[in-house]
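Since the structure comes first, as structure tokens, the remarks are kept for the end.
Protein chains: 2
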Amino acid sequence: MTDKSTQPRVLIFDTTLRDGEQSPGATMTHDEKLEIAASLDEMGVDIIEAGFPIASEGDFAAVSEIARQAKTAQICGLARANFKDIDRCWDAVKHARFPRIHTFIGTSPLHRAIPNLDMDQMAERIHETVTHARNLCDNVQWSPMDATRTEHDYLCRVVEIAIKAGATTINIPDTVGYTAPRESAALIRMLLDRVPGADNIIFATHCHNDLGMATANSLAAVEAGARQIECTINGLGERAGNTALEEVVMALRVRNDIMPYRTGVDTTKIMAISRRVATVSGFAVQFNKAIVGKNAFAHESGIHQDGMLKNRETFEVMRPEDVGLSGTSLPLGKHSGRAALRAKMKDLGFDLADNQLNDAFVRFKALADRKKEVFDDDLIALVQDSATNTAHDTLQVKRLRVVCGTDGPQEAELTLSIEGKDHSIDATGDGPVDAAFNAVKMLYPHKARLQLYQVQAVTEGTDAQATVSVRLEENGAIATGQSADTDTIVASVRAYVNALNRLIVRREKAEMGYDTKGVSYKDQG
Amino acid sequence: MTDKSTQPRVLIFDTTLRDGEQSPGATMTHDEKLEIAASLDEMGVDIIEAGFPIASEGDFAAVSEIARQAKTAQICGLARANFKDIDRCWDAVKHARFPRIHTFIGTSPLHRAIPNLDMDQMAERIHETVTHARNLCDNVQWSPMDATRTEHDYLCRVVEIAIKAGATTINIPDTVGYTAPRESAALIRMLLDRVPGADNIIFATHCHNDLGMATANSLAAVEAGARQIECTINGLGERAGNTALEEVVMALRVRNDIMPYRTGVDTTKIMAISRRVATVSGFAVQFNKAIVGKNAFAHESGIHQDGMLKNRETFEVMRPEDVGLSGTSLPLGKHSGRAALRAKMKDLGFDLADNQLNDAFVRFKALADRKKEVFDDDLIALVQDSATNTAHDTLQVKRLRVVCGTDGPQEAELTLSIEGKDHSIDATGDGPVDAAFNAVKMLYPHKARLQLYQVQAVTEGTDAQATVSVRLEENGAIATGQSADTDTIVASVRAYVNALNRLIVRREKAEMGYDTKGVSYKDQG
């Protein structure tokens, strides 16, 4: 093993909760954001971009709360280039032990045209806003949005202004996912060469994956002198997403021989947070996704290894354990006790409080009655389900009976508890899912539209549990619901009701103006 | 628009049917292989690696038939470093207008250890086998497997031997997905500098995506002098997959300013073949996959664009039309006629024969009766379903009635036609899917194990069709089944029966030794 302690450190800046969460449909609840932030903090992410505080009361509350709970990570909020945004951002992040303000403006010709500022006017705006941010906080990051399409001379000029005004990190975003490694490196090198004061600040790289090169572009920037990579778990983000945290971190580890830089990330936490982000965002990871896909490690694919393969290294450059995939572990069964469950959950990265363990144990026993072997993935689905569907939700599924098949119309009988009171109804529909969802709609009328419906078996075998994800949209507000059950139709209705419960919370908050994203980072205010 | 005609041409070598199909579970039927090959040929792929002829009778038959049907593409088969493999490969590809033999051996220390050859013995083997291939075919590709982990001096030595023996293409595989762009480029540059005769042959790059850099590594190799990229549709392949064809082709198009190379690929055919490969392989593409993901183009996400975004280029570097995504098109309804359906299907890239159109029209009418608006994605699901489930299958679902819900056990009544004769049964199970699959198992006993079960709504709305994918494994043989229906349970059983039908075909062929992959490319024979 190389001694890495003398290698330059690359800071990992995670923006799953800001740029990732912005992805259409990936909206997360307050509690989910707090949970993800805690995991990022614990795994050793250096800076967590927790949200865009001016965007809504909900964003503000999440950033403030994450700032309060953070242990070692810096907590960063996003702000456009105006005093109001920056003040609001500071009000949220100031609770952190290590707060950071991140302010930005689009500097390319296309982006300058939006607020209709000429080069000099924009330069002046940058000077004023960065100065303002620096007067509030000694840790200020500034980004020239669409940097990769900004004229080089102008980019040097504005970066110099931001540094002089006190920015301590300069982030160079490839906003449209347009660059390639040589170009990405050359841009950082040019800035380091040409901009006075560039030696005293940290350059960051922020890439998008539109052409499939975000990881390589980020690492090329590091080789050229950038010392912060902005990324998201699973590469979550708009369009083709952001740089994937797991890819850059593992590439720096596996190829430390040619890229001698170290990060502070505990890679064994990768799989647990990847699964969690996939669940709460509703963005499933494809089988052949690098590092975190189901097939990424050959031996995980459920297929017997070729008999010839005595030496795993022949076809593998990483060990599954490195990213937190445990080896083959024994399944639990109906005779497994509470202690075995607690130990197993701890192995899987879930530290359950006593009441959570009790709830999980009841559900585990029910599952073990129906399913001979309860695998790791079953347990993950089970605790995630209980974290998602709780006893204080407005709507709760009490009883469901569905008749379906080739002879339609399909019928559903549903008993739904609404604010503690049971209501029952019969409904028909075009398929069992439609019939059951219609029953919900009749008992609890609403206008939400189903945007996404997907089902995934949790393990192999026909008796496997299925995880259902449902995404609903109502007046621009989006909520994702999840549930797992061996009865896919029951899981479907629970996931649908779960999404509705979230919409209800959102609706209440919206009435208070709490959760309406009044602005987007794309509005150059 | 730049005049690209004078730019160096980069050959696109597609190995979806060989390295992609090898991915656990991605096995395709003979007809599917022929269909995919025809699409690749039509979209302008230069070389199609159609299979590994020695692996099984099925592989041999597929390569032979693809060779016969190919119009402009070169048809390539894979062969290990022995005369028997090479002869068998030639027997399959020789039917093509432009045949190619691709032979290889693992040259890294780890791979040399497998056949237990020392450097000199392996060099001799390479000389003999490439000479033998060249005596059969004047278009010979040779690959040193695991080239990126082979000693540079030895790599130069064996590449020189292969060139002297008559190889016309030398492919440099990054078998374990280990390299990074600078290194990938340096390797090609070194070979061009050091190997006598390197100017007269074409260097190819073959990357895997284990660290998320396959696309950048391939393009870096091109910048260094490689003139052939090996890739697969959707990046299909073992572990994290191969380089994605759509990414390298679109990157060369979008960034032609800094990477001035042209390909012969008609990019507007990308979406159609991507969808088809996702369906037949059972490997869904994640929402945020570059180029072909559902969210890759902002306006496709079903979310209203930000009002500020007057200019699409502000956040998009590609137009959806460039990859064959049509703009918003009007849905069909119950009054739409046969001509409208035919025109629409043509728009969507499906050129239906009369009997196919008739079948599709019947199913379209049935769907339109249940669903007010029939969208493009519905029609794609519908024709893919009829291509998949045909009247001459051994098993056919005649009638299904399922009762499920919270009160279990769930029950299924099934009528299944087996070789033309109807059989009925009642079964129970752990969930409606388990109950229905149990009914199938009781009527048609088998030992196949369910490896994968997933459901995806085809469009938005609770009345949407669902596409179900099922993967079964029996004695190492794998088959994927698909079906679409507004009743997810009906679609599930049809998909399951479809997978079984394929296993039956496979089993019959296996009895004749037809489809058993006796060898893997990993066996260094």
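Line by line, the protein sequences give chains Y and S. Be aware that the first sequence starts at 1, since it is given in this note's numbering, and climbs by one per residue. Be aware that the second sequence starts at 526, since it is given in this note's numbering, and climbs by one per residue. Every residue, glycine too, gets a C-beta built ideally from N, C-alpha and C. All values derive from a computational prediction rather than experimental measurement.
Item: Min CB distance Y:Q305 to chain S below 7 Å; Value: Confidence in Y:Q305 is poor, its pLDDT being 40 and thus under 50, which makes the residue's placement unreliable; the coordinate value appears in the next sentence. With 7 Å as the cut-off, Y:Q305 does not count as an interface residue toward chain S.
Item: Sequence-distant residues of the same chain with beta carbon closer than 8 Å to Y:V265, five excluded per side; Value: I12, M43, G44, V45, L245, V249
Item: At least three beta-carbon pairs within less than 8 Å, the region 989 to 1001 of chain S to the region 961 to 979 of chain S; Value: yes
Item: Cα-Cα separation between Y:A491 and Y:A484, rounded to whole angstroms; Value: 5 Å
Item: Below-7 Å beta-carbon distance, S:G969 vs any chain Y residue; Value: It is Tyr, not Gly, that sits at residue 969 of chain S in the sequence shown. Chain Y, which has no Cβ nearer than 7 Å to the Cβ of S:Y969, makes this no.
Item: Contact with chain Y by S:T730, beta-carbon distance below 7 Å; Value: no
Item: Residues that Y:M145 bridges to, as DSSP identifies them; Value: Y:G106
Item: For Y:G429, the nearest candidate out of S:T987, S:R780, S:T700, S:N1023 (CA to CA); Value: S:T987
Item: Same chain, Cβ closer than 8 Å to S:S911, neighbours up to 5 away in sequence not counted; Value: Q881, D884, A885, R888
Item: CB contact flag (S:E755, S:A739, <7 Å); Value: no
Item: Chain Y within 7 Å of S:E708, Cβ atoms only; Value: yes
Item: Residue environment, Y:G197, which counts as buried when at least 16 other CB atoms sit within 10 Å; Value: exposed
Item: Test: Y:D210 CB closer than 7 Å to a CB of chain S; Value: yes
Item: Residues that Y:S526 contacts on chain S, provided the C-beta gap is smaller than 9 Å; Value: No information on residue 526 of chain Y is available, as it lies outside the stretch 1 to 525 that chain Y covers here.
Item: Backbone secondary structure at S:I573 - three-state DSSP; Value: strand
Item: Simplified DSSP state of S:H731, which is helix, strand or coil; Value: strand
Item: Chain S contact residues for Y:L316, given Cβ-Cβ distances below 9 Å; Value: Contrary to the premise, residue 316 of chain Y reads as Glu rather than Leu in this sequence. Those within 9 Å of Y:E316 in chain S are V701, D735, R764.
Item: Supposed close pair Y:A464, Y:F283 - CB separation, criterion 8 Å; Value: Between Y:F283 and Y:A464 the Cβ distance is about 22 Å, and since that is not below 8 Å, they are no contact.
Item: Distance, S:I943 Cα to S:P624 Cα; Value: 42 Å
Item: Y:P144 at chain S interface by Cβ criterion, 7 Å; Value: no
Item: CB contact below 7 Å: Y:R262 versus chain S; Value: no
Item: Contact set between Y:C404 and chain S, taken where Cβ atoms lie within less than 7 Å; Value: V927, D1012, I1014
Item: Rounded C-alpha distance that separates Y:L309 from S:P578; Value: Caution applies to Y:L309, whose pLDDT of 45 falls short of 50 and renders its modelled position unreliable; the model cannot decide the point.
Item: First and last residue of the uninterrupted alpha helix (DSSP H) at Y:I233; Value: Premise fails: Y:I233 is in no alpha helix (DSSP H) and is neither H nor E.
Item: Meets three-Cβ-pair contact criterion under 8 Å: the region 813 to 824 of chain S and the region 221 to 240 of chain Y; Value: yes
Item: Bridge-paired residues (DSSP) for S:S994; Value: S:Q979, S:Q1007
Item: Coarse secondary structure for S:R764, derived from DSSP in three states; Value: coil
Item: Residue interval of the beta strand (DSSP E) (run including Y:H423); Value: 421 to 429
Item: Beta-carbon gap between S:V683 and S:A648 smaller than 7 Å; Value: yes
Item: Partner residues on chain Y for S:G988, Cβ-Cβ distance less than 8 Å; Value: Looking at the sequence provided, one finds Asp at residue 988 of chain S rather than Gly. Near S:D988 (Cβ distances below 8 Å), the residues of chain Y are G429, D430, G431, D434.
Item: Nearest neighbour of S:K596, chosen from S:R707, S:A562, S:D643, S:D847 [CA to CA]; Value: S:A562
Item: Proximity test, Cβ basis, 7 Å: Y:F364 and chain S; Value: no
Item: Close beta carbons around Y:R502, own chain, < 7 Å, minus the five adjacent residues each side; Value: T29, A479, G481
Item: Cα-Cα separation, Y:A73 to Y:N139; Value: 13 Å
Item: Interfacial residues, the region 844 to 878 of chain S to chain Y, with Cβ spacing under 7 Å; Value: none
Item: Below-7 Å beta-carbon distance, Y:I258 vs any chain S residue; Value: yes
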